[in-house]
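In what follows, a structure is listed as structure tokens, so that the remarks can point back to it.
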Amino acid sequence: MDDKLLDVLACPLCKGPLVYQRAAAVLVCRADRLAFPIQDGIPVMLEDEARTLAVDDPLLAR
Numbered sequence: 483m484d485d486k487l488l489d490v491l492a493c494p495l496c497k498g499p500l501v502y503q504r505a506a507a508v509l510v511c512r513a514d515r516l517a518f519p520i521q522d523g524i525p526v527m528l529e530d531e532a533r534t535l536a537v538d539d540p541l542l543a544r
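Quick note on the numbering used here: the sequence shown kicks off at 483 and runs consecutively.
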């Protein structure tokens with residue numbers, strides 16, 4: 483993921499920041515506990531495609 487693209491992207495629901503999790507190939511919104519997939523280098527920023535994360539999911543760790 484390009485750092486400049488990460489600076490521009492925000493959660494489509496709450497407009498909050500996203501955290502890039504390279505190993506899982508997702509962008510995580512900690513506020514909404516959602517993981518948006520990155521497919522072929524392109525973030526899929528659709529709520530229907532996002533995975534809801536459990537409160538104790540390691541992707542939410544700071």
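Even glycine gets a Cβ: it sits at the ideal position worked out from N, Cα and C. Remember, it's a predicted structure, so these values are computed and weren't measured experimentally.
Tell me the DSSP secondary structure of residue i in three-state form.
i, result
"V508", "strand"
"P540", "helix"
Per DSSP, residue i forms a beta bridge with which residues?
i, result
"L501", "According to the sequence provided, residue 501 is Val. The question's Leu does not apply to it. In the DSSP output, where bridge partners are listed per residue, V501 has V510."
"R515", "The partner list for R515 (beta bridge, DSSP) is empty, contrary to what the question assumes."
"D525", "It should be noted that the sequence gives Pro, not Asp, for residue 525. Answer by DSSP bridge pairing, in chain order: I520."
Could you round the C-beta distance between residue i and residue j to whole angstroms and report it? I think they count as a contact, below 8 Å.
i, j, result
"V508", "L541", "7 Å"
"C493", "L500", "6 Å"
"R515", "L495", "About 11 Å separates the two Cβ atoms, so there is no contact after all."
Counting along the chain, where does the alpha helix (DSSP H) carrying residue i start and finish?
i, result
"V490", "D485 to V490"
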